[in-house]
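For the sequence shown, the positions run -22 to -1, 1 to 627 when mature numbering (1 follows the signal peptide of the UniProt record, and there is no 0) is used. Glycine included, every Cβ here is placed at the ideal spot set by N, Cα and C. What you are looking at is a predicted structure, and each value in this text was computed from that prediction instead of being measured. For reference, the structure is listed below as structure tokens.
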Amino acid sequence: MRRVLVVLLLVLAALTAPDASAVEEGYTVATASSSYVEGDTAFDLKGDNVKHYISLPFPVMYYGKVVRMADIVDDGYLAFGHTPDVLGPDSGPLPSTNAPNGAVYAFWDDLVIDDAAAIRTKVDGVEPARRFVVEWHNVRLKADGSRLSAEIVLHEGGQIVLQYKGIGSPTEAGARAVVGIEDWSGSSAVVWSNRQPKLSDATAVRFRKPGMMVARGVLRNANDRTPVSLADLKTVVNGRTVTMYTIWDGEYWFEVSTRGAVIEVTSADYPATSFEVPAGADNTVAARDILLPAPALVVESPPVEITVPAGQRRTATVTIRNNGALPGTWDAVREIEGGATAPQPDRPGAILRSWNPVASGVPHGYGIAELGGDVWISSRADRTLSRLTPDGVLLDTRPTADAIGDLAVIRDQGLLCYVVGGPAIRCIRPATGEVAYTVAGSGWSATTDGLAYLARTDMFFVSNARTIVQVKGSSHADAGTVVRQCGLSRYDQSLGIAGIGHVDTGSADGLVWIYPVSIGYGRVAHLSLVAPAGCGGRDLLPDPQPGGYTGAGLETDPAGNLWVFSNGPYEGPRVPKVSYIQSATPTYAELPWLAGGAPVVVGPGQSRAVEVTVDATSLRPGTYRATLELPTTAPKRPKLGIRVQVTVG
């Protein structure tokens, strides 16, 4: 009998991981001549009822999902889905909704990996025709003490081959073993042997999808080759329309007919397009990156340096060029006082600082925030609050009365705030731990710890699983009540929200960055910028710590950059990470002495002149610096920065 206890996180991951589109049925099984492959890399896995979690050397498609990780289980199977929390000695039957599911069973029996046995792997071949071998080498059958070797060969195109060595007795030939493959839910399986002595050294067992192949690649911006996220794709496979969407990595995956296919692409940022997948052979990979045309505006001129006599006006000209394949323009002009460089960095998401908090003396961190030039890290496990320099030098650590998760900052009061049970929000003076005030909640709950703050309207944003709840702050007569709430969109696939940081855009409720509790199956996680009204997605950045279940605390600093605390990946090594990430969230101001940058349309390969006017009527003699920011209409709305230095004499 199977064990029904499962690791809850893995269950949820398997259920919530976004699927690549595929025809899930259609596996067949047949025999072929064996060509046994010896593994060349051994894992340190010994004992009975043990398993080892691995990242696959390349992704493969299995029953409609893109698989990147797996459990190697001592009892002769490779599990892509959830495995029992307590591994048991009994095998089968197939299919069954009890765990394990989503697995390939090379020789499912009660096996022991003793000192004479080993789990070995091997990778060979050239992309996109690689093979990954998982070998149970010379393992012992617990029932009679005999030994055999079995292996699973995963082909990049989706074919699965099982091979054997040292088969002699009926037990070794599978008289007690189950051999086959099973889908993710345990509702369908293709079984080669159900406790039948059918296995031999000379015969391989092959599972494949006749008439099918894999089409995969990355959607990219044709100008800078960056991945295109939030695009919808669809195609027709054997008369049925199948769909998928891209996240931050831009990857697409389809199982299509070997006769070829046409894949349609739609995106809010790009013109609709389609591309053909040529005909190919069974269980092969058609790999192709797709380039989507877009405008690409750049400021060709150097920064404006202009001298203006007191009380007079002067005008300068700046040249803007379009290096893209489509016409481009911008739809606003924003002024940023004191800008010495363009307000948006060239590479949003660049990690400006990064360090290991454990090496800094913070072994169990979670929440993170910058306040007063220092970085503060909370630890729920240790009930501590640590103060460090931005470069990770520990200054001091003090105990806390509460188990603190994600942190929010009230800068003008010098407070750090966090969610406590009840529900409630508590704000403290971090240097002393003194409680400044507590906002008691009403009509909401917080099953996760994400918290952010908007000072302009005295509003908190709290995460409750996959929901963002806006709560009134202490200055309101009905403090703690709910203003609105929204659930994450389908693009934010996750187990829940771990951390939130607010971006004050100067209008309405601004935007919030969220750090989801990343899922371990199918896709790595990301940082997502969403609107509190409706939770609509605005931008994505890669997770600074790729892997499963890394999400933890997140907060913005006065410049709009992100401080992020990441857990170690579930699949290992489980080393946490602090990251300071470049982001484009400047503070805008109305500067009456600066004007210009009126929108014009710039054709592909063309340049246009833009005027910048300085009015020194109200300026005293001296030097003034500012930046005109032009949000373009290109994908992801990249911003141009016209730097201006004015000397009034």
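Please state whether the Cβ-Cβ distance between residue i and residue j is less than 7 Å.
i: Pro494; j: Gln448; result: no
i: Pro188; j: Thr6; result: yes
i: Arg358; j: Gly383; result: yes
i: Ala246; j: Asn201; result: no
i: Val387; j: Leu432; result: no
i: Arg154; j: Arg173; result: yes
i: Asp179; j: Lys100; result: no
i: Ala530; j: Tyr344; result: yes
i: Leu597; j: Val622; result: no
i: Pro547; j: Gly526; result: yes
i: Asn442; j: Ala424; result: yes
i: Ile478; j: Ala414; result: no
i: Glu113; j: Phe36; result: no
i: Gly421; j: Arg444; result: no
i: Val90; j: Lys120; result: yes
i: Ala84; j: Leu140; result: yes
i: Val624; j: Val592; result: yes
i: Ser561; j: Asn539; result: yes
i: Ser252; j: Thr224; result: no
Using the three-state DSSP reduction, which class does residue i fall into: helix, strand or coil?
i: Asp374; result: strand
i: Arg407; result: strand
i: Arg154; result: coil
i: Asp92; result: coil
i: Gln391; result: helix
i: Thr149; result: helix
i: Gly619; result: strand
i: Gly317; result: Any reading at Gly317 needs caution, since the residue's pLDDT is 43, under 50, leaving its predicted position unreliable; the model's value is listed next. Looking at Gly317 - three-state DSSP - the assignment turns out to be coil, as it is neither helix nor strand.
i: Phe85; result: strand
i: Gln141; result: strand
i: His133; result: strand
i: Gly306; result: strand
i: Asp26; result: strand
i: Trp226; result: coil
i: Ser69; result: coil
i: Asn199; result: strand
i: Trp162; result: coil
i: Trp422; result: coil
i: Ala(-1); result: Bear in mind that the predicted position of Ala(-1) carries a pLDDT of just 35, short of 50, making it too unreliable to give a figure here.
i: Asp324; result: The predicted position of Asp324 is uncertain, since its pLDDT is 43 and thus under 50; a value taken from the coordinates is nonetheless stated next. If DSSP states are grouped into helix, strand and coil, Asp324 belongs with coil.
i: Ile382; result: coil
i: Pro35; result: strand
i: Pro494; result: strand
i: Lys100; result: strand
i: Gly477; result: strand
i: Val417; result: strand
Quick check on residue i: buried or exposed, where buried means 16 or more other Cβ atoms within 10 Å of its Cβ?
i: Asn300; result: buried
i: Thr285; result: exposed
i: Asp53; result: buried
i: Leu618; result: buried
i: Asp88; result: buried
i: Gly600; result: exposed
i: Arg434; result: exposed
i: Pro280; result: exposed
i: Asp427; result: buried
i: Ser338; result: buried
i: Gly80; result: buried
i: Asp49; result: buried
i: Glu16; result: exposed
i: Ser11; result: exposed
i: Gly451; result: buried
i: Arg501; result: Residue placement at Arg501 cannot be trusted, given a pLDDT of 48 that sits under 50; what the coordinates show is reported in the next sentence. With 16 or more Cβ atoms within 10 Å of its Cβ, Arg501 is classed as buried.
i: Glu313; result: buried
Taking DSSP's pairing of strands, which residues face residue i in a bridge?
i: Asp517; result: Leu507
i: Val353; result: Glu348, Leu366
i: Gln448; result: Phe439, Arg462
i: Glu105; result: The partner list for Glu105 (beta bridge, DSSP) is empty, contrary to what the question assumes.
i: Thr9; result: Val183
i: Glu242; result: Lys212, Ser252
i: Arg361; result: For Arg361, which the question treats as bridged, DSSP gives no partner whatsoever.
i: Asn300; result: Leu275
i: Glu283; result: Gln623
i: Asp49; result: Tyr31, Ala57
i: Val112; result: Thr99, Ile130
Mind checking if residue i is an interface residue toward chain D, Cβ cutoff 7 Å exclusive?
i: Tyr527; result: Of the chains in the structure shown, none is chain D; there is only one protein chain.
Just list the beta strand (DSSP E) runs in the segment 164 to 193, keeping only unbroken ones of 3 residues or longer that don't cross its boundaries, in chain order.
-> Here the runs fully enclosed are 167 to 172, 181 to 186.
Only counting runs of 3 or more residues, tell me where the beta strand (DSSP E) segments fall wholly within the segment 554 to 587, in order along the chain.
-> Secondary structure in the segment 554 to 587: the beta strand (DSSP E) runs of 3 residues or longer, each lying completely within the stretch, are 555 to 559, 572 to 574 in chain order.
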